[in-house]
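As you go down the protein sequences, you meet chains R and P in turn.
Residue numbering for the first sequence follows numbering that gives the first Met the number 0, starting at 0 and increasing by one per position.
Residue numbering for the second sequence follows numbering that gives the first Met the number 0, starting at 0 and increasing by one per position.
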Amino acid sequence: MKRSATRKLVIGLLAVTLWSTISFAKGDDFNSVVKMIEEFYNVKHEGLPFLAKAAMKAVGVGAKIKGGDAKRFAEAGSIKLATFENQEFKGDFIKFRQVLNDSLTQTWMPLIQTLAAPDHEQCYIFVRENGDKFRVLVVTIEPHDATVVQATVSPKNLALLMKDPEEGAKAITQEATIVDQE
Amino acid sequence: MKLLFHRITRALLISALFVIAATITTHAQDPRIRLAHLDHLATKASETVDVNIDERLIQLAAKLFNDKDEDEAKIKKLVNGLKGIYVKSFEFDDENAYSPADVDSIRSQLKEPAWSRLVNVTSKRDGIVEVYLALNGPDVLGLAVLSAEPKELTIVNIVGPVDLEKLAKLEGNLGIPDLGIQPGKHKTKNEQ
Numbered sequence: 000m001k002r003s004a005t006r007k008l009v010i011g012l013l014a015v016t017l018w019s020t021i022s023f024a025k026g027d028d029f030n031s032v033v034k035m036i037e038e039f040y041n042v043k044h045e046g047l048p049f050l051a052k053a054a055m056k057a058v059g060v061g062a063k064i065k066g067g068d069a070k071r072f073a074e075a076g077s078i079k080l081a082t083f084e085n086q087e088f089k090g091d092f093i094k095f096r097q098v099l100n101d102s103l104t105q106t107w108m109p110l111i112q113t114l115a116a117p118d119h120e121q122c123y124i125f126v127r128e129n130g131d132k133f134r135v136l137v138v139t140i141e142p143h144d145a146t147v148v149q150a151t152v153s154p155k156n157l158a159l160l161m162k163d164p165e166e167g168a169k170a171i172t173q174e175a176t177i178v179d180q181e
Numbered sequence: 000m001k002l003l004f005h006r007i008t009r010a011l012l013i014s015a016l017f018v019i020a021a022t023i024t025t026h027a028q029d030p031r032i033r034l035a036h037l038d039h040l041a042t043k044a045s046e047t048v049d050v051n052i053d054e055r056l057i058q059l060a061a062k063l064f065n066d067k068d069e070d071e072a073k074i075k076k077l078v079n080g081l082k083g084i085y086v087k088s089f090e091f092d093d094e095n096a097y098s099p100a101d102v103d104s105i106r107s108q109l110k111e112p113a114w115s116r117l118v119n120v121t122s123k124r125d126g127i128v129e130v131y132l133a134l135n136g137p138d139v140l141g142l143a144v145l146s147a148e149p150k151e152l153t154i155v156n157i158v159g160p161v162d163l164e165k166l167a168k169l170e171g172n173l174g175i176p177d178l179g180i181q182p183g184k185h186k187t188k189n190e191q
């Protein structure tokens, strides 16, 4: 009797641990990617000031993709952004890509990845289902700057992104980083 | 008792052989080609593009995209039935940046009987453009395009029922580069 209760308790604890691990991995990938970039390149991300965040505006960005007419690409309030400015992103980008893919491909689907060796430029787009919408994670790394953007997009905007992933990634990043200075 | 033990052992062995045979057959008919070994070229390339639209994403698109919306309907129709779209493309500043061995490592995976090369396929591009179909009787299981230009190497692998017309429509979409393939009357090598 005692043994059976102990076994149930252990199984219960294991189930809770497993569930919380999966939830953490799914829910906090944005932060783990930011941390991964910081550790791999020995850099620090910058938080946006509150007022700049509040003034963030993007109009007609989605429309830049061919055939697109969406005024905004991301769903309102869904954008998470981390920026790295004026820092050095030197390192083995093939190794970085491997580390990034290894950590994300369990919970995200890689859509497109571009690399440009001469300038060590990298762009990664990952997608995953989010209810009746999609969540998109865009990581862009340039020699001195980097951005990590996570946003929720509608099926229509994912269709636009799938039609032209490179332009779509630019549009999402631009939408996330445009700050109205007026 | 000994007889029973022998019968069980024999049944287990036969089952194991069936499983192994099925695995080998499935693998032989798998129209997904291996591209990861070309990653070393990324360090020489001025641009490398990797597109991975796997079955999970295609199924999601098919489930969530709306037929009434023009953009969504177009993508849905194109990817319907497909199990994967994979592209690896390298652009180089200089010629001879990739070796014939790199090209052969792709060709060696596209051998008969699993794959048939389409003949009479023309392309607007310079260099070599080879198109292969993975066939199982009359069914198309997949398609592969190998495009080798002096400063560019592109491999497109589509898994699922696909033909040249569908490929032509997919060009410029879903990360598939514009290969300039002219759909028309074509034959496999075996049909010649």
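Yeah, the Cβ is synthetic: ideal placement off N, Cα and C, and Gly gets one too.
Just so it is clear, the structure is predicted and the values come from calculations on it, not from any experiment.
>> Can you give me the C-alpha to C-alpha distance between P:ILE180 and P:LEU142, rounded to a whole angstrom?
In response: Locating residue 180 of chain P in the second sequence gives position 181, where the first residue counts as 1. Locating residue 142 of chain P in the second sequence gives position 143, where the first residue counts as 1. Rounded to the nearest angstrom, the two C-alpha atoms are 13 Å apart.
> What did DSSP end up calling R:SER77 once you bin it into helix, strand or coil?
Replying inline: Numbered from its first residue, the first sequence carries residue 77 of chain R at position 78. In the structure shown, R:SER77 sits in coil (DSSP, three-state: anything other than H, G, I, E or B).
> In the segment 100-181 of chain R, which residue ranges form an unbroken alpha helix (DSSP H) of at least 4 residues, counting only runs that do not cross its ends?
Replying inline: 154-162 and 164-176
>> Am I right that P:ARG161 and P:ILE175 are in contact with their C-beta atoms under 8 Å? What's the rounded C-beta distance?
In response: Your numbering for residue 161 of chain P matches position 162 in the second sequence. Your numbering for residue 175 of chain P matches position 176 in the second sequence. What sits at residue 161 of chain P in the sequence shown is Val, not Arg. So it is not a contact: roughly 11 Å between Cβ atoms.
> Cα-Cα, which of R:VAL135, R:ASP163, R:MET161 and R:GLU141 is closest to R:THR151?
Replying inline: Against the first sequence, residue 151 of chain R aligns to sequence position 152. The option with the nearest alpha carbon to R:THR151 is R:VAL135.
> What whole-angstrom Cβ distance do R:ILE140 and R:GLU120 have, given they're in contact under 8 Å?
Replying inline: Looking up residue 140 of chain R in the first sequence gives position 141. Looking up residue 120 of chain R in the first sequence gives position 121. Yes, R:ILE140 and R:GLU120 are in contact; Cβ-Cβ is about 7 Å, under 8 Å.
> Can you list the residues of chain R that P:GLY174 reaches, using a CB-CB cut of under 7 Å?
Replying inline: What you label residue 174 of chain P is simply residue 175 of the second sequence in a count that begins at 1. Chain R residues near P:GLY174: ILE111 and PRO164.
> Per the contact definition of three or more C-beta pairs closer than 8 Å, is the segment 69-78 of chain P in contact with the segment 96-116 of chain P?
Replying inline: no
> At a Cβ threshold of 8 Å, is R:GLU193 touching chain P?
Replying inline: With chain R represented from 0 up to 181, any question about residue 193 of chain R goes unanswered, as that position is not in the structure.
> Which of helix, strand or coil does DSSP assign to P:ALA44?
Replying inline: Position 45 of the second sequence holds residue 44 of chain P. Note: P:ALA44 maps to coil in three-state DSSP.
> Which term fits R:ALA81, buried or exposed, when burial requires 16 or more other beta carbons within 10 angstroms of its beta carbon?
Replying inline: Numbered from 1 along the first sequence, position 82 holds the residue referred to as residue 81 of chain R. Classification for R:ALA81: buried.
>> Within a Cβ cutoff of 6 Å, which residues of the same chain sit near R:ASP251, ignoring the five residues on either side of it in sequence?
In response: Here chain R covers residues 0 to 181 and nothing more, so residue 251 of chain R does not appear.
> Of all Cβ atoms in chain P, is any one closer than 8 Å to the Cβ of R:GLU174?
Replying inline: In the first sequence, counting from the first residue as 1, residue 174 of chain R sits at position 175. No, its Cβ sits nowhere closer than 8 Å to a Cβ of chain P.
>> Using beta carbons (cut-off 8 Å, strictly below), is P:HIS5 in contact with chain R?
In response: By one-based count along the second sequence, residue 5 of chain P stands at place 6. Output row for P:HIS5: interface = no.
> So is R:GLY167 buried or exposed if we call it buried at 16+ other beta carbons inside 10 Å?
Replying inline: If you number the first sequence from 1, residue 167 of chain R lands on position 168. Its Cβ being crowded by 16 or more others within 10 Å, R:GLY167 is buried.
> Rounded to whole angstroms, how far is the Cβ of P:GLU151 from the Cβ of P:PHE91, which I believe are closer than 8 Å?
Replying inline: Here residue 151 of chain P refers to the residue found at position 152 of the second sequence. Here residue 91 of chain P refers to the residue found at position 92 of the second sequence. Yes, they are in contact, since the Cβ atoms of P:GLU151 and P:PHE91 sit about 7 Å apart, within 8 Å.
> How many Å lie between R:ILE78 and P:ILE84 at the Cα?
Replying inline: Against the first sequence, residue 78 of chain R aligns to sequence position 79. Against the second sequence, residue 84 of chain P aligns to sequence position 85. Roughly 28 Å separates the two Cα atoms.
>> Quick check: is the beta carbon of P:ILE74 nearer than 8 Å to any beta carbon in chain R?
In response: Stepping through the second sequence from its first residue, residue 74 of chain P is reached at position 75. By this cut-off, P:ILE74 is an interface position.
> By the 10 Å Cβ neighbour count, where 16 or more other Cβ atoms means buried, how is R:PRO154 classified, buried or exposed?
Replying inline: Position 155 of the first sequence holds residue 154 of chain R. So R:PRO154 counts as buried.
>> Is P:ALA133 close to chain R? Criterion is C-beta to C-beta, closer than 8 Å.
In response: Indexing the second sequence from 1 puts residue 133 of chain P at position 134. Cβ-Cβ to chain R under 8 Å: no for P:ALA133.
> Can you tell me where the alpha helix (DSSP H) with R:TYR40 in it begins and where it stops?
Replying inline: Locating residue 40 of chain R in the first sequence gives position 41, counting from the first residue. Taken as a continuous stretch (DSSP letters only), the alpha helix (DSSP H) holding R:TYR40 covers 28-40.
>> Considering Cα atoms alone, identify which of R:ALA170, R:GLU174 and R:ALA158 is closest to P:ASP66.
In response: By 1-based counting over the second sequence, the position of residue 66 of chain P is 67. Minimum Cα distance to P:ASP66 is reached at R:ALA158.
> Using the rule of at least 16 other Cβ atoms within 10 Å of the residue's Cβ for burial, across every protein chain shown, is P:THR42 buried or exposed?
Replying inline: Here residue 42 of chain P corresponds to residue number 43 of the second sequence, with the count starting at 1. The residue in question, P:THR42, is exposed, as its Cβ has fewer than 16 Cβ neighbours within 10 Å.
> Could you check where the beta strand (DSSP E) with P:LEU117 kicks off and where it finishes?
Replying inline: To locate residue 117 of chain P, count along the second sequence from 1; it is residue 118. Its beta strand (DSSP E) spans residues 114-118.
> Can you name the start and end residues of the beta strand (DSSP E) that P:ASP138 belongs to?
Replying inline: Stepping through the second sequence from its first residue, residue 138 of chain P is reached at position 139. Per DSSP, P:ASP138 belongs to the beta strand (DSSP E) from 138-148.
> Hey, out of P:ILE57, P:THR153 and P:PHE89, whose CA is closest to P:ALA44's CA?
Replying inline: Taking the first residue of the second sequence as position 1, residue 44 of chain P is located at position 45. Ranking the options by Cα distance to P:ALA44, first place goes to P:PHE89.
>> Classify P:GLY196: buried if its beta carbon has 16 or more other beta carbons within 10 angstroms, exposed otherwise.
In response: What is shown of chain P runs 0 to 191, which leaves residue 196 of chain P out entirely.
>> Looking at the secondary structure, which residues open and close the alpha helix (DSSP H) in which P:SER88 lies?
In response: The count along the second sequence starts at 1 and reaches residue 88 of chain P at position 89. Not the alpha helix (DSSP H): P:SER88 falls in the beta strand (DSSP E), residues 83-90.
> Is there at least one Cβ from chain R nearer than 8 Å to P:SER146's Cβ?
Replying inline: Translated into the one-based positions of the second sequence, residue 146 of chain P becomes position 147. Not closer than 8 Å to any Cβ of chain R, the Cβ of P:SER146 fails to qualify, so no.
> If contact means a Cβ-Cβ distance below 7 Å, which residues of the segment 34-48 of chain R contact chain P?
Replying inline: none
> Can you tell me whether DSSP reads R:VAL98 as helix, strand or coil?
Replying inline: On the first sequence, residue 98 of chain R is found 99 positions in, with the first residue counted as 1. Looking at R:VAL98 - three-state DSSP - the assignment turns out to be helix.
> Looking at the unbroken alpha helix (DSSP H) that takes in P:ALA60, where does it start and where does it end?
Replying inline: Indexing the second sequence from 1 puts residue 60 of chain P at position 61. It spans 54-63 - the alpha helix (DSSP H) in which P:ALA60 sits, taken as one unbroken run.
>> Report the CB separation of R:VAL42 from R:GLN86 in whole angstroms; it is logged as a contact under 8 Å.
In response: Numbered from 1 along the first sequence, position 43 holds the residue referred to as residue 42 of chain R. Numbered from 1 along the first sequence, position 87 holds the residue referred to as residue 86 of chain R. Right, their Cβ atoms sit about 4 Å apart.
>> So, for R:PHE133: in the same chain, excluding its five sequence neighbours on each side, which residues have a beta-carbon less than 6 Å away from its beta-carbon?
In response: By one-based count along the first sequence, residue 133 of chain R stands at place 134. Hits under 6 Å: VAL126, VAL152 and LEU157.
>> List, in chain order, every chain P residue whose beta-carbon is nearer than 9 Å to that of R:ALA116.
In response: As a first step, residue 116 of chain R must be located in the first sequence, where it is residue number 117. Correct list: ALA41, THR42, LYS43, ALA44, SER45, GLU46 and THR47.
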